[in-house]
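Peer 1:
Number of protein chains: 2
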Amino acid sequence: MDHTLLILGLLKLEEMHGYQLGDLIDKRLKYLTDLKKPTLYHLLAKLEAAGQVTKSVSREGNRPERYTYRLTKTGEAQFKELLRQNLQAAHAAYFNDDIGLLFLSEIPAAEARGYLEQKRAGVDARITEIAAATARHDAGSPAYYTLRHHELHLETERAWLAELIAHMKKRAARQNIIACLAEADTPKRKK
Amino acid sequence: MDHTLLILGLLKLEEMHGYQLGDLIDKRLKYLTDLKKPTLYHLLAKLEAAGQVTKSVSREGNRPERYTYRLTKTGEAQFKELLRQNLQAAHAAYFNDDIGLLFLSEIPAAEARGYLEQKRAGVDARITEIAAATARHDAGSPAYYTLRHHELHLETERAWLAELIAHMKKRAARQNIIACLAEADTPKRKK
DNA sequence: GGGCGCATGTAATGAGTTACATGATTGA
DNA sequence: TCAATCATGTAACTCATTACATGCGCCC
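In order, the protein sequences belong to chains A and B. For the first sequence, the numbering used here assigns the number 1 to the initial residue and increments by one for each residue that follows. For the second sequence, the numbering used here assigns the number 1001 to the initial residue and increments by one for each residue that follows.
(1) Starting from TYR1094/B and walking both ways along the alpha helix (DSSP H), at which residues does that stretch end?
(2) If ALA109/A sits next to MET168/A, beta carbons under 8 Å apart, how far is it from one beta carbon to the other, in whole angstroms?
(3) Just list the residues that DSSP pairs TYR69/A with in beta bridges.
(4) Could you tell me if PRO38/A is buried or exposed, where buried requires 16 or more neighbouring beta carbons within 10 angstroms of its beta carbon?
(5) What's the gap between the Cα of GLN1118/B and the Cα of GLU65/A?
(6) I'd like the span of the alpha helix (DSSP H) that includes PRO142/A, first residue to last.
(7) ALA1143/B and HIS1137/B look like a contact to me (Cβ under 8 Å); what is the Cβ gap, rounded to whole Å?
(8) For the stretch 105 to 119 of chain A, enumerate the residues whose C-beta is nearer than 8 Å to any C-beta of chain B, in chain order.
(9) Taking the alpha-carbon positions, what's the ASP1023/B to MET1016/B distance?
(10) Can you tell me whether DSSP reads HIS192/A as helix, strand or coil?
(11) Would you give the residue range spanned by the alpha helix (DSSP H) that ASP124/A belongs to?
(12) Let's see if you can read the secondary structure: which residues bound the alpha helix (DSSP H) around THR1039/B?
(13) Would LEU40/A be called buried (16 or more neighbouring beta carbons within 10 Å of its own) or exposed?
(14) Give me the residue from GLN88/A, VAL57/A, LEU47/A, GLU60/A with the minimum Cα distance to GLN78/A.
(15) Answer with yes or no whether the minimum CB distance from TYR1069/B to chain A is below 9 Å.
(16) Excluding the 5 residues flanking LEU1005/B on each side, which residues of the same chain have their C-beta closer than 8 Å to its C-beta?
(17) Residues of chain B with CB closer than 8 Å to the CB of GLU14/A, please, in chain order.
(18) Am I right that PHE1095/B and ALA159/A are in contact with their C-beta atoms under 8 Å? What's the rounded C-beta distance?
(19) Taking 8 Å as the limit between beta carbons, can you name the residues of its chain near LEU101/A, skipping five residues before and five after?
(20) For chain A, check one thing: does any of its Cβ atoms lie closer than 9 Å to the Cβ of GLY1018/B?
(21) Going straight from the alpha carbon of SER1105/B to that of LYS1030/B, what length do you get?
(22) How many angstroms separate the CA atom of THR33/A from the CA atom of LEU1147/B?
(23) If we cut at 9 Å on Cβ distances, does GLU157/A have a partner in chain B?
(24) Note down, in chain order, each residue of its chain lying with its Cβ closer than 8 Å to the Cβ of GLY9/A, except the 5 sequence neighbours on either side.
(25) Just to make sure I have the definition right: I need the residues of chain A whose C-beta is within less than 8 Å of the C-beta of ARG1084/B. Which are they?
(26) For ARG1028/B, tell me which candidate among THR1134/B, LEU1161/B, ALA1162/B has the shortest Cα-Cα distance.
(27) Once you ignore the five residues that flank THR1072/B on each side, which residues in its own chain have a CB closer than 7 Å to its CB?
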């Protein structure tokens, strides 16, 4: 996860203090990443040490002091560089769900199906939530695009789960996973 | 990433030595995770210390010694537990791509479009690769399902990139990202 | 007066990567 | 003979999380 790019980018758009930044990420960018507060503060300290941001103290009324962060020239250059790298690359995405699915045949089919139904319910709940969030944004805004992206992937997930569950109802064959994996290899030594 | 589940599961299916396990993950499960060899050895050592696997030395001809790992009773129980947890939960997936996309309007539209075309080419290449791999597996095998899953998500990615690129051609408005994010908030204080 | 929100961190720990180290065999 | 494959790791490092610590203000 390119958290540095995220922080530099947000600070480039607007100078902010740490808590504000953390709040923005927690509440409105939660589909992007789930960066935790201590991690954020840690990263900010590192960026400051690297001379990519500067901080200035301020205080509003009797509230705790705030350290407002602002991009420096080198920070801006670094942002541009990271952004270019990020935009060009097609990052591989891995799904934790897949690992469990590989071993689906290791538990009784009925039980497995129950779990998958639960998983599907979870995905459905997320879709409802994100659809509401998407509706609140203008089509075409940057935030809209990230939300839409997630919505599409969640819908893919739902469709795939439906396909899988349907398939499981038909045949509950317990297969030899290792053999299946090996079998598909391109023959290298003796046939 | 639930690497422990993956290792326990593979060892449950078949006892293996470390290198063999690493090879399987590198070559045939590369769409699941990209666990590195040293991490694998590290995890195996930890699992052994925890009493979830046992290892036995063996040697074949003059090749280096191998340590073959086998699940213990507690290892098997742990596997079942982790598998249940994994199957029930709908894990959130985060996409590194999204972070860059949030700042798309920070670089000239033409340049950005160029990068996105590159990204799309990368996705296309992956789709070709994975489609070939999928074709080599029996529909309905566990490996087939994980591959199919990735294929679907990659196709979603491609469709989304196409949508985005098309949209960029129409309007290249540079918007205030922070304002967009805030605006969509449910009003809390004064309207 | 009690809990939540604001605001900032530290310390300990864990998870994973990179670079390095070793040494034998096999195939081009 | 040179590179790749087999086989196992260690050491140093980065990145991120969890749990902990502090203290004030605001609202119910």
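For every residue, glycine included, the Cβ atom is placed at its ideal position computed from N, Cα and C.
Peer 2: For this structure:
(1) Counting along the chain, TYR1094/B falls outside any alpha helix (DSSP H), and DSSP gives it neither H nor E.
(2) 6 Å
(3) MET16/A, LYS55/A
(4) exposed
(5) 45 Å
(6) 142 to 170
(7) 5 Å
(8) SER105, GLU106, ILE107, ALA112, TYR115, LEU116, GLN118, LYS119
(9) 11 Å
(10) Nothing about residue 192/A can be read from this structure; chain A reaches only from 1 to 191.
(11) 109 to 135
(12) 1037 to 1049
(13) buried
(14) LEU47/A
(15) no
(16) PHE1079, LEU1082, LEU1083, ASN1086
(17) ILE1178
(18) Between ALA159/A and PHE1095/B the Cβ distance is about 18 Å, and since that is not below 8 Å, they are no contact.
(19) LEU164
(20) no
(21) 34 Å
(22) 25 Å
(23) yes
(24) PHE79, LEU83
(25) ILE107, TYR115
(26) THR1134/B
(27) GLY1051, GLN1052, VAL1053, THR1054
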